[in-house]
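Q: Sending over a structure as structure tokens; questions will come in a sec.
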Amino acid sequence: MNLKVSVLGAGSFGTTMAHVISRNAPTLLWCRRADMAEEINREHRNSTYLPDAPLAESLRATGDLEEAVLAADVLVLGVPSVGMRSTLEEVSKHIRPWVPVVSLAKGLEPGSHLRMTEVIREILPDHRAGALTGPNLAREIMAGFAAASVVAFEDVELARQLQSVLHSGVFRVYTNTDVVGCELGGALKNVIAIATGMGDGLGVGDNTRSAVITRGLAELTRLGVAMGGESATFAGLAGVGDLVATCTSQKSRNRFVGEQLGRGKTIDEITADMNQVAEGVKTSAVVMELAERHGIEMPIAQEVHGVLYEGRTAEDAYAGLTRRVPGAEGDVN
1383 MNLKVSVLGA
1393 GSFGTTMAHV
1403 ISRNAPTLLW
1413 CRRADMAEEI
1423 NREHRNSTYL
1433 PDAPLAESLR
1443 ATGDLEEAVL
1453 AADVLVLGVP
1463 SVGMRSTLEE
1473 VSKHIRPWVP
1483 VVSLAKGLEP
1493 GSHLRMTEVI
1503 REILPDHRAG
1513 ALTGPNLARE
1523 IMAGFAAASV
1533 VAFEDVELAR
1543 QLQSVLHSGV
1553 FRVYTNTDVV
1563 GCELGGALKN
1573 VIAIATGMGD
1583 GLGVGDNTRS
1593 AVITRGLAEL
1603 TRLGVAMGGE
1613 SATFAGLAGV
1623 GDLVATCTSQ
1633 KSRNRFVGEQ
1643 LGRGKTIDEI
1653 TADMNQVAEG
1663 VKTSAVVMEL
1673 AERHGIEMPI
1683 AQEVHGVLYE
1693 GRTAEDAYAG
1703 LTRRVPGAEG
1713 DVN
């Protein structure tokens, strides 16, 4: 394949996708740290984020953002949502015309409430923007386990072209034109994963976990549809698929945050010990603002927000949920 791909961001998933893509196309991975780029080039390993996973020898890394952006026929953004805008502002100085941009971030921008493709379009208005999302735990992909993902672009032909770049072996990539729904599913499920993790930390049991996941899916679907997503998307890989993986896996950062909250730690203590971003922490505040704007009740998300930002405990949150009077299953309670 003649396309050259650059991946910006050498965290666990950015590195994983660079490794996967390098099987199909020449791939350059941008690292903020020059020593990390040197390690990847020399030892074919990212010891900070994927210490046990050998990387493809064909994958190259650089600490020079300009070099990575100028080389790209396709640009993949593996930076967290909180750093997306500042990274794009630097990218805008070097990107060639009409290069498509794919976001891997599963979050919403605080303040603006924008999805990542909206941020991309704001900074790079002449570039088509899409997202890759789904139940994709980096360590399992690197270990060679089968996984499925969705590449979402409004332009179906572009989605199909990028599908051939991103699909590799047992890493299966499907296309979807519902960019709104795919991005919202990826962002909103992180909040529900924190709620599930809190239950795990409290030891509430499998029945309760299942109820939280299912009712959480109902919440994120209501908000996602109100914001323009298609209901079918939330029943697919970008919705329930990603939700189940993030809520149940021991490898999930957001579930881990919730579990530690359930065990009595504060959010400051938890994040201080983490070397990667749990997107659901900041997304929680944005979700409650969006729910109010669209008139959507989200009791689980509201309880998560209370624990993260209002001084409530995980015990308070679960007690609050069980006190709600249940109605018909299609209702909000």
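Residues in the sequence shown are numbered from 1383 upward in steps of one, following this note's numbering.
From the three backbone atoms N, C-alpha and C, an ideal C-beta is built for every residue, glycine too.
A quick note: this is a predicted structure, and the numbers were derived from the prediction, not measured.
Between the segment 1539 to 1547 and the segment 1508 to 1520, can you find at least three pairs of beta-carbon atoms closer than 8 angstroms?
A: yes
Q: Using C-beta distances below 7 angstroms, list every residue in its chain close to aspartate 1560, excluding the 5 sequence neighbours before and after it, in chain order.
A: Residue 1560 sits at position 178 when you count from the first residue of the sequence shown. Counting only Cβ-Cβ distances below 7 angstroms, and skipping sequence neighbours, we find Ala1534, Gly1611, Glu1612, Thr1615.
Q: Have a look at arginine 1467 and glutamate 1491 and give me their C-alpha separation to the nearest angstrom.
A: Mapped onto the sequence shown, residue 1467 falls at position 85. Mapped onto the sequence shown, residue 1491 falls at position 109. Computed Cα separation, rounded: 9 angstroms.
Q: In chain order, what residues of the same chain have a beta carbon less than 6 angstroms from the beta carbon of aspartate 1582, not counting five sequence neighbours either side?
A: Stepping through the sequence shown from its first residue, residue 1582 is reached at position 200. If we look at aspartate 1582 and ignore the five residues flanking it on each side, its Cβ neighbours are Glu1641.
Q: Between glycine 1644 and the rest of its own chain, which residues show a CB-CB distance below 7 angstroms, the 5 nearest in sequence each way excluded?
A: In the sequence shown, the residue the question calls residue 1644 occupies position 262. Correct list, in chain order: Gly1579, Met1580, Gly1581, Asp1582, Gly1583, Leu1584, Ala1696.
Q: Tell me the DSSP secondary structure of threonine 1526 in three-state form.
A: Position 144 of the sequence shown, counted from the start, is the residue given in the question as residue 1526. Here residue 1526 is glycine; the residue named in the question, threonine, does not match the sequence. Note: glycine 1526 maps to coil in three-state DSSP.
Q: Under the criterion of a Cβ to heavy atom distance below 7 angstroms, does valine 1561 qualify as lining the ligand FAD?
A: Summarising the ligand content, the structure contains no ligands, and the ligand FAD is consequently not present.
Q: Starting from tyrosine 1431 and walking both ways along the alpha helix (DSSP H), at which residues does that stretch end?
A: Here residue 1431 corresponds to residue number 49 of the sequence shown, with the count starting at 1. Per DSSP, tyrosine 1431 belongs to no alpha helix (DSSP H) and is neither H nor E.
Q: Is valine 1456 near valine 1532, with beta carbons less than 8 angstroms apart?
A: On the sequence shown, residue 1456 is found 74 positions in, with the first residue counted as 1. On the sequence shown, residue 1532 is found 150 positions in, with the first residue counted as 1. No, the Cβ-Cβ distance between valine 1456 and valine 1532 is not below 8 angstroms.
Q: Cα separation between threonine 1499 and tyrosine 1700?
A: For the purposes of this step, residue 1499 is taken as residue 117 along the sequence shown, with counting starting at 1. For the purposes of this step, residue 1700 is taken as residue 318 along the sequence shown, with counting starting at 1. So the two alpha carbons sit approximately 34 angstroms from each other.
Q: Would you please state the rounded distance, in angstroms, between the beta carbons of alanine 1660 and methionine 1670? I believe it to be under 8 angstroms.
A: Numbered from 1 along the sequence shown, position 278 holds the residue referred to as residue 1660. Numbered from 1 along the sequence shown, position 288 holds the residue referred to as residue 1670. Contact flag wrong, Cβ pair sits at about 17 angstroms.
Q: Comparing alpha-carbon positions, which option in Arg1597, Gly1551, Leu1390, Gly1693 lies nearest methionine 1524?
A: Numbered from 1 along the sequence shown, position 142 holds the residue referred to as residue 1524. Minimum Cα distance to methionine 1524 is reached at Gly1551.
Q: In chain order, what residues of the same chain have a beta carbon less than 7 angstroms from the beta carbon of valine 1501, not counting five sequence neighbours either side?
A: Residue numbering aside, residue 1501 sits at position 119 when the sequence shown is read from its first letter. Excluding positions up to five away in sequence, the list reads Met1466, Arg1467, Leu1470, Glu1491.
Q: DSSP three-state label for glycine 1460, please.
A: Locating residue 1460 in the sequence shown gives position 78, counting from the first residue. In the structure shown, glycine 1460 adopts coil according to DSSP, grouped into three states.
Q: Tell me the DSSP secondary structure of asparagine 1558 in three-state form.
A: Position 176 of the sequence shown, counted from the first residue, corresponds to residue 1558. Correct three-state label for asparagine 1558: strand.
Q: Do threonine 1409 and leucine 1441 come within 8 angstroms of each other at the CB atom, strictly closer than that value?
A: The sequence position of residue 1441 within the sequence shown is 59, counting from 1. The sequence position of residue 1409 within the sequence shown is 27, counting from 1. Yes; because the gap between Cβ atoms is below 8 angstroms, this pair is in contact.
Q: Give, in chain order, every unbroken run of the alpha helix (DSSP H) that is at least 4 residues long and sits entirely within the segment 1631 to 1711.
A: Runs found: 1635 to 1644, 1649 to 1654, 1662 to 1676, 1681 to 1691, 1696 to 1705.
Q: Quick check: the segment 1566 to 1578 against the segment 1621 to 1640, are at least 3 beta-carbon pairs closer than 8 angstroms?
A: yes
Q: Whose C-beta lies closer than 6 angstroms to the C-beta of isoleucine 1528 among residues of the same chain, with five residues either side of it excluded?
A: Taking the first residue of the sequence shown as position 1, residue 1528 is located at position 146. Residue identity check: residue 1528 is alanine in the sequence provided, not isoleucine. Leaving aside the five residues that flank alanine 1528 on each side, the residues in its chain whose CB is nearer than 6 angstroms to its CB run, in chain order, Val1552.
Q: Kindly list the residues whose CB is nearer than 6 angstroms to the CB of histidine 1687, restricted to its own chain and excluding five residues on each side of it in sequence; keep chain order.
A: Here residue 1687 refers to the residue found at position 305 when the sequence shown is read from its first residue. So the qualifying residues of the chain are Ser1666, Met1670.
Q: The alpha helix (DSSP H) that contains serine 1485, what's its start and end?
A: What you label residue 1485 is simply residue 103 of the sequence shown in a count that begins at 1. Not the alpha helix (DSSP H): serine 1485 falls in the beta strand (DSSP E), residues 1483 to 1485.
Q: Asparagine 1657: buried (16+ other C-beta within 10 angstroms of its C-beta) or exposed?
A: The residue you call residue 1657 lines up with position 275 of the sequence shown. Per the 10 Å Cβ criterion, exposed.
Q: For a quick check, are the C-beta atoms of lysine 1386 and alanine 1450 less than 8 angstroms apart?
A: In the sequence shown, residue 1386 corresponds to position 4, counting from 1. In the sequence shown, residue 1450 corresponds to position 68, counting from 1. For lysine 1386 and alanine 1450, no; Cβs fall outside 8 angstroms.
Q: Contact defined as beta carbons within less than 8 angstroms: I believe leucine 1605 pairs with alanine 1673. What is the distance between those atoms, to the nearest angstrom?
A: Your numbering for residue 1605 matches position 223 in the sequence shown. Your numbering for residue 1673 matches position 291 in the sequence shown. With 8 angstroms as the limit, leucine 1605 and alanine 1673 qualify as a contact, their Cβ atoms being about 6 angstroms apart.
Q: In three-state DSSP terms, what is glycine 1579?
A: Translated into the one-based positions of the sequence shown, residue 1579 becomes position 197. Three-state result, glycine 1579: helix.
Q: Applying the criterion that 16 or more other CB atoms from any shown protein chain within 10 Å of the CB defines a buried residue, is proline 1517 buried or exposed?
A: Working through the sequence shown from its first residue, we reach residue 1517 at position 135. Counting Cβ neighbours within 10 Å, proline 1517 comes out buried, since at least 16 surround it.
Q: Check the C-beta distance from arginine 1427 over to glutamate 1421 and give it rounded, since I have them as a contact under 8 angstroms.
A: Locating residue 1427 in the sequence shown gives position 45, where the first residue counts as 1. Locating residue 1421 in the sequence shown gives position 39, where the first residue counts as 1. About 6 angstroms separates the CB atoms of arginine 1427 and glutamate 1421; that is less than 8 angstroms, so the two are in contact.
Q: At the level of alpha carbons, what is the spacing between glutamate 1685 and lysine 1475?
A: Here residue 1685 refers to the residue found at position 303 when the sequence shown is read from its first residue. Here residue 1475 refers to the residue found at position 93 when the sequence shown is read from its first residue. Those two C-alpha atoms are separated by around 42 angstroms.
Q: For threonine 1596, count neighbouring C-beta atoms within 10 Å of its own C-beta (all shown protein chains included) and say buried if the count is 16 or more, exposed if not.
A: Counting from 1 along the sequence shown, the entry for residue 1596 is found at position 214. It counts as exposed.
Q: Could you give the residue range of the alpha helix (DSSP H) that holds leucine 1599?
A: Here residue 1599 corresponds to residue number 217 of the sequence shown, with the count starting at 1. Here the alpha helix (DSSP H) through leucine 1599 covers 1588 to 1608.
Q: Identify whether leucine 1490 lies in helix, strand or coil by the three-state DSSP scheme.
A: Here residue 1490 refers to the residue found at position 108 of the sequence shown. DSSP places leucine 1490 in strand when its eight states are reduced to three.
Q: What are the boundary residues of the alpha helix (DSSP H) that serine 1546 is part of?
A: To locate residue 1546, count along the sequence shown from 1; it is residue 164. Its alpha helix (DSSP H) spans residues 1538 to 1548.
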